[in-house]
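Numbering (mature numbering (1 follows the signal peptide of the UniProt record, and there is no 0)), first residue to last: -19 to -1, 1 to 75.
First comes the structure, then the notes that go with it.
Here it is as structure tokens:
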């Protein structure tokens, strides 16, 4: 029984030991910068920089959902219940 416990405890630690070392090599860029979002009274501006080009898209607060520049995702704008002057802006990346 004791030998079985030693064997099982060794097997439990095996994945940790295997994943503890190694080399990962990346070529190029790993992460792109996120889009900047700014809000004004009646609109939100989405500013995205990709491949050396800056693109700005303005979304009216009255619109519910719209695509982001470069098809990077969507922007949703919702009014908070019982607070017409408060909005929730949700940015979802693909």
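Note that beta-carbon positions come from the ideal geometry of N, C-alpha and C, so glycine has one too.
C-beta atoms of residue 73 and residue 55 nearer than 7 Å: A contact, by the Cβ cut-off of 7 Å.
Beta-carbon spacing of residue 26, residue 37 below 7 Å: In contact: residue 26 and residue 37 (Cβ atoms closer than 7 Å).
Collapsed DSSP secondary structure at residue 44 in the structure displayed: Correct three-state label for residue 44: coil.
Sheet register partners of residue 68 (DSSP bridge): Note: residue 68 sits in a beta bridge opposite 60.
Buried or exposed (CB count within 10 angstroms, at least 16 for buried), residue 58: Sixteen is the threshold: when 16 or more other Cβ atoms of the shown chains lie within 10 Å of the Cβ of residue 58, as they do, the residue is buried.
Short Cβ contact (7 Å threshold) for residue 17 with residue 35: Going by C-beta atoms, residue 17 is not nearer than 7 Å to residue 35.
Beta-carbon proximity check, residue 48 vs residue 24, cutoff 7 Å: It is not a contact, given that the beta carbons lie outside the stated cut-off.
Rounded Cβ spacing between residue 20 and residue 70 (contact assumed at less than 8 Å): Residue 70 and residue 20 do touch by the CB rule: their CB atoms are close to 6 Å apart, below 8 Å.
Start and end residues, beta strand (DSSP E) containing residue 76: Here the chain covers residues -19 to 75 and nothing more, so residue 76 does not appear.
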